[in-house]
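K.L.:
Heads up: the sequence lines are chains A and B, in that order. When you read off a place in the first sequence, starting at 1, and then add 1, the result is the number in my numbering. When you read off a place in the second sequence, starting at 1, and then add 1, the result is the number in my numbering. Ideal Cβ placement from N, Cα and C applies to all residues, glycine included. In this text, all values refer to a predicted model and were calculated from it rather than measured experimentally.
Protein chains: 2
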Amino acid sequence: MTLKAMGKAARDAAYELAVAPTRQKNLALLAMADELEINEQEILAANAEDIAAARAAGLSEAMLDRLLLNPSRLAGMAADVRKVVSLDDPVGSELDSRVLENGLRLSRRRVPIGVIGVIYEARPNVTIDIAALCLKTGNASILRGGRETFHSNMALVKVIQRALAKAGLPAASVQYIERPDRELVSELLRLDEYVDMIIPRGGANLHKLCKEQSTIPVIIGGFGVSHLFVDVSADLRRAVDVIDNAKVQRPSACNALDTLLVHEAIADEFLPALVARMNSRQVALVAEERAFSLLQAAGASELRLAGADDFDTEWLSLTLGVKLVSDVDAALAHLRQHNACHSDAILTNDLANAERFINGAGSAAVYVNASTRFTDGGQFGLGAEVAVSTQKLHARGPMGLEELTSYKWIGQADYLSRS
Amino acid sequence: MTLKAMGKAARDAAYELAVAPTRQKNLALLAMADELEINEQEILAANAEDIAAARAAGLSEAMLDRLLLNPSRLAGMAADVRKVVSLDDPVGSELDSRVLENGLRLSRRRVPIGVIGVIYEARPNVTIDIAALCLKTGNASILRGGRETFHSNMALVKVIQRALAKAGLPAASVQYIERPDRELVSELLRLDEYVDMIIPRGGANLHKLCKEQSTIPVIIGGFGVSHLFVDVSADLRRAVDVIDNAKVQRPSACNALDTLLVHEAIADEFLPALVARMNSRQVALVAEERAFSLLQAAGASELRLAGADDFDTEWLSLTLGVKLVSDVDAALAHLRQHNACHSDAILTNDLANAERFINGAGSAAVYVNASTRFTDGGQFGLGAEVAVSTQKLHARGPMGLEELTSYKWIGQADYLSRS
């Protein structure tokens, strides 16, 4: 099938999905969860092929781990799908409704976006994840996974197709681009006649490609340098705990701390306590000159002087940038120069500085006396997360089910003309 | 100044605007309205230059009328700016706020989008309009008007600059791309380092250009074929009035009716009444075969058989497509094949068909027993309108001040770490 034919089929399926009752969509999701369990052996066998090929191709252990499915991960995927069943269906709810002076009853009703194209790499659970979230919100999806997980994805798509058939929903509700040709990605990005939104889930290069080539609105997200500013009035003892959490709990996450900004007036007192904790956590420090001297004197075990790009780096590892700043404005100036668009925090007891930081930081999520690690759909109570948007249009930060919907205006009256 | 330098200056201005109090922004708007009146002579003289050049270049009278400023239009512009002053400032309001189980107080606060690029043609009032709406919402704007209104726009930009200075806001809050080079538009569309959103206000070609070249999110809007379906249970006498309003009140508007779909069971009875009214309004009818015969028999004074593209045409004039359909599903099928994405209506007394039409139509605005002409920010009570979006991301239908904002997540706690 050509990509254009897939787009047309998805569009037709989207019309059906848009009016499918929640009960029917949930039926498909429950069937999907069941099928994941029923077909465990088949899925794991397909995954073993991918793993063998990846190992032969010399992929890193970290990469292999991302590709790997096992009974417990598969059970987790089924549980996640059942979780989506339990979430409220946003489609059909009305955002507001009022009667205008002229008698027109005007409301806005949530509707599916339509057809969503998702391009992703590695982790095969994304296939099930996205299919489930799109289905719940009445969107048709066209998926394009990485070639490393091709066999796993084929097995998962079979599971999805069985579930759709069981629930009586069109097969084209979830389609997968099987052919590996790279041009198909470019073609998908220009299929604006049929596709309403593109979600890229992958590295910076994929996002760049989508931004540059897509004629379809793209949700950009996931990247950004995360900062934490320790103000002069912060509780320094507890500050170390929050920094520890932000940096160490899951260094590979996009909400992990990258750069620590310390008010210069408390640097002498604070940095030794920081060094003690970071040494115990095997965190390497990368510091600008003034911070470097103090950290060195405090006995930092892994320490180097920061180079030109270090404060623009999302570490995704146990490395932490450290810099002294003169006040909250200097901290904000640093944020602006260094791509702060994801999660940033201030530790302070000063109400005015807290408000200044909240309003001045350009980040999707801003924290006062809390860890940057909270930026997450699950933590925010959204139940599920499609992506973390760092753009300002449509949705910002963690995107849940509602962010997979649009709305339409509805005007009802008694044969009313505009005067 | 290079476009990149303009982008950087806009970004810096946006930081200031984001925290500017409403009072200061309103001060600038009031000054802008005053300056429009104070500098009436200068603005009209500049406009006269544009008109003379346009006339020499042989532009149509309709086009000349779009370019023209006169004392009453200028007064209208000033009044519109004062209207924006009276609207609530959406920036800073919180969408929701709650305390999570772990003690994190989580809220979403409305913030400006940042820097907005606007590309537009003809009408010089757009310069003031957009500058005012962006300013009110704390967004910096970079404007690129058409060459036909260059002198008018230069005079208006002076007015805006004086107003910004009076209110103590940065000059780069509103910037205008003066050089006429076409490449600058392409360059603006790729200035994603500094610009957060592109609003094209112009013809289909401009929208296409933006969609294809922009690496910045674009708001697509304004176009779409508008339909009205007369169901079998409609009140036929009053139906003629609503159709008259939708087609005739302002044929050049994007919410004017393009295609009339008539239930075949009532065609014999209804079409003669329609013909009588349309004849009296000098509306030309373009009909598919079955409708053609009936309309001809009823004595339609201007009538031709529809060709292949006629039902894909936004007429923007006193022409109306007419087609018979077998039921509401056939009407919806026609909508889907013919780019119904703007405003569509059903006239019916059947509750099930009304709901079916509401949910099945893919339009930004759907009406039951009301004219398509209501799709308008002013009519919807938004107070002002930046554009009418026909895309599904971010905003749909008429966009007011709120649609010029984004939001940020704010988490506040007492030194809270993620568990």
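With distances taken Cα to Cα, identify the nearest neighbour of A:Gly-225 among A:Pro-91, A:Asp-377, A:Asp-259.
P.N.:
A:Asp-259
K.L.:
So, helix, strand or coil for B:Met-78, using DSSP?
P.N.:
helix
K.L.:
Does B:Trp-410 have its Cβ less than 8 Å from a Cβ in chain A?
P.N.:
yes
K.L.:
Looking at C-alpha atoms only, which residue of B:Leu-105, B:Ile-131, B:Ala-288 is the closest neighbour of B:Ala-79?
P.N.:
B:Ile-131
K.L.:
When you compare each of B:Ala-34, B:Asp-90, B:Ser-227 to B:Ala-254 by their alpha carbons, which one comes out closest?
P.N.:
B:Ser-227
K.L.:
Below 8 Å, how does it come out for the region 87-97 of chain A and the region 105-113 of chain A: are there three or more Cβ pairs, yes or no?
P.N.:
yes
K.L.:
Should A:Gln-413 be flagged as near chain B, meaning a C-beta pair shorter than 8 Å?
P.N.:
True, the Cβ-Cβ gap to chain B drops below 8 Å.
K.L.:
Whose Cβ in chain B lies nearer than 8 Å to the Cβ of A:Tyr-368?
P.N.:
Within 8 Å Cβ-Cβ: Ile-411, Gly-412, Gln-413, Ala-414.
K.L.:
Buried or exposed, going by whether 16 or more other CB atoms sit within 10 Å of the CB of A:Ser-372?
P.N.:
buried
K.L.:
What are the uninterrupted segments assigned as alpha helix (DSSP H) that are 4 or more residues long and contained completely in the region 160-239 of chain A, given in chain order?
P.N.:
Secondary structure in the region 160-239 of chain A: the alpha helix (DSSP H) runs of 4 residues or longer, each lying completely within the stretch, are 184-190, 205-214 in chain order.
K.L.:
Counting only runs of 4+ residues fully inside the region 100-157 of chain B, write out the alpha helix (DSSP H) ranges in chain order.
P.N.:
126-137
K.L.:
May I ask you to verify whether the region 157-165 of chain B touches the region 15-22 of chain B, counting CB pairs closer than 8 Å and requiring at least 3?
P.N.:
no
K.L.:
Please classify A:Ala-268: is it buried, with 16 or more other beta-carbons within 10 angstroms of its beta-carbon, or exposed?
P.N.:
buried
K.L.:
Mind checking who B:Lys-409 pairs with in its DSSP beta bridge?
P.N.:
B:Arg-110
K.L.:
Could you tell me which chain A residues have their CB closer than 8 Å to the CB of B:Ser-407, listed as they occur along the chain?
P.N.:
Lys-393, Leu-394, Arg-397
K.L.:
So with Cβ pairs under 8 Å, would you call B:Arg-239 a contact of chain A?
P.N.:
yes
K.L.:
Is there a C-beta anywhere in chain A that falls below 8 Å from the one on B:Met-198?
P.N.:
It does; some Cβ of chain A falls within 8 Å.
K.L.:
What residues of chain B sit near A:Lys-212, judged by a beta carbon separation below 8 Å?
P.N.:
Annotation: Cβ neighbours of A:Lys-212 in chain B (cutoff 8 Å, chain order): Asp-193, Thr-216.
K.L.:
Please classify A:Glu-102 as buried or exposed, where buried requires at least 16 other C-beta atoms within 10 Å of its C-beta.
P.N.:
exposed
K.L.:
With distances taken from CA atoms, which of B:Gln-214, B:Met-198, B:Gly-204 is nearest B:Leu-185?
P.N.:
B:Gln-214
K.L.:
Closer than 9 Å by beta-carbon distance: list the chain A residues that pair up with B:Tyr-177, in chain order.
P.N.:
In chain order: nothing, as chain A lies at least about 23 Å away.
K.L.:
Which residues in the same chain as B:Thr-406 place their Cβ atom closer than 7 Å to its Cβ, once the five residues preceding and following it in sequence are excluded?
P.N.:
Pro-91, Val-92, Arg-111, Val-112, Pro-113, Ile-114, Thr-138
K.L.:
Quick check on the DSSP output: what are the complete beta strand (DSSP E) runs of length 3 or more inside the region 226-307 of chain A, in order along the chain?
P.N.:
228-231, 260-264, 285-288, 304-306
K.L.:
Considering only C-alpha positions, which residue in the set B:Glu-179, B:Asn-340, B:Pro-218 is nearest to B:Arg-191?
P.N.:
B:Pro-218
K.L.:
Just confirm the distance between the C-beta atoms of B:Ala-277 and B:Leu-319, as a whole number of angstroms; I'd bet it's less than 8 Å.
P.N.:
The pair is not a contact, with the Cβ atoms about 16 Å apart (cut-off 8 Å).
K.L.:
What three-state label does DSSP hand A:Gln-64 in the structure shown?
P.N.:
What sits at residue 64 of chain A in the sequence shown is Met, not Gln. Helix.
K.L.:
Between the Cα of A:Leu-4 and those of A:Val-158, A:Cys-211, A:Ala-15, A:Val-196, spot the shortest distance and give me the residue it belongs to.
P.N.:
A:Val-196
K.L.:
Quick check: the Cα distance between B:Val-389 and B:Glu-315, rounded to an integer number of angstroms?
P.N.:
15 Å
K.L.:
Per DSSP, B:Thr-320 is paired with what?
P.N.:
B:Ala-285
K.L.:
A:Arg-419 CB to nearest chain B CB: under 8 Å?
P.N.:
yes
K.L.:
In terms of DSSP beta bridges, what is A:Val-326 paired with?
P.N.:
A:His-264
K.L.:
With DSSP run on the structure shown, which of helix, strand or coil describes A:Pro-72?
P.N.:
helix
K.L.:
So, does the CB of A:Asp-89 fall closer than 8 Å to a CB anywhere in chain B?
P.N.:
no
K.L.:
Leaving out the 5 sequence neighbours to the left and right, which residues in its chain are closer than 7 Å to A:Ala-11 when beta-carbon positions are compared?
P.N.:
Val-116, Ala-141, Ile-143, Ala-173, Gln-176, Tyr-195
K.L.:
The beta strand (DSSP E) with B:Gly-398 in it runs from where to where?
P.N.:
398-400
K.L.:
Anything in chain A within Cβ reach of B:Ile-114, meaning under 9 Å, just list it in chain order.
P.N.:
Lys-393, Leu-394
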